[in-house]
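Residue numbers (UniProt numbering): 1 to 98.
Here's the structure we're looking at; comments come further down.
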């Protein structure tokens with residue numbers, strides 16, 4: 001979701017809330033305070049929802065990564081070169097630099 005779309009939705013919800021609160025209470029001060037409280041609660045809820053989605057996707061990625069790792073380990077080719085050595089790419093001329 002883009003920030004502009006989120007901001008437009010947030011302002012729309014707060015305007016509807018403010019108009020409804022003013023119609024019910026007939027007080028500008030009460031409307032302002034309650035709308036401010038509503039804005040803070042919406043931000044806290046949005047932040048918590050984003051944290052939950054990130055936490056859930058990290059768990060899924062970890063589970064999928066460990067399953068793929070377990071499946072892929074037996075199928076890995078054996079290296080003919082010692083660790084730390086980089087082999088020559090086929091079709092690429094060797095440079096004089098080492």
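Virtual Cβ for every residue (Gly too), placed ideally from N, Cα, C.
Range of the contiguous alpha helix (DSSP H) that encloses residue 10: What you label residue 10 is simply residue 10 of the chain shown in a count that begins at 1. 3–25 is the span of the alpha helix (DSSP H), which, as asked, contains residue 10.
Pick from 89, 38, 52: whose alpha carbon is nearest that of residue 14? Position 14 of the chain shown, counted from the start, is the residue given in the question as residue 14. For residue 14, the nearest C-alpha among the options comes from 38.
Classification of residue 20 by the beta-carbon crowding that lies within 10 angstroms, buried from 16 upward: On the chain shown, position 20 is the one that residue 20 refers to. Exposed, because fewer than 16 other Cβ atoms sit within 10 Å of the Cβ of residue 20.
Which value, in whole angstroms, describes the spacing of the CA atoms of residue 46 and residue 2? The residue given as residue 46 occupies position 46 in the chain shown. The residue given as residue 2 occupies position 2 in the chain shown. Distance between the alpha carbons of residue 46 and residue 2 is about 14 Å.
What residues in its chain sit with their C-beta under 8 Å from that of residue 22, if we drop five residues either side in the sequence? Sequence index remark: in the chain shown, residue 22 carries index 22 (1-based). 28, 31.
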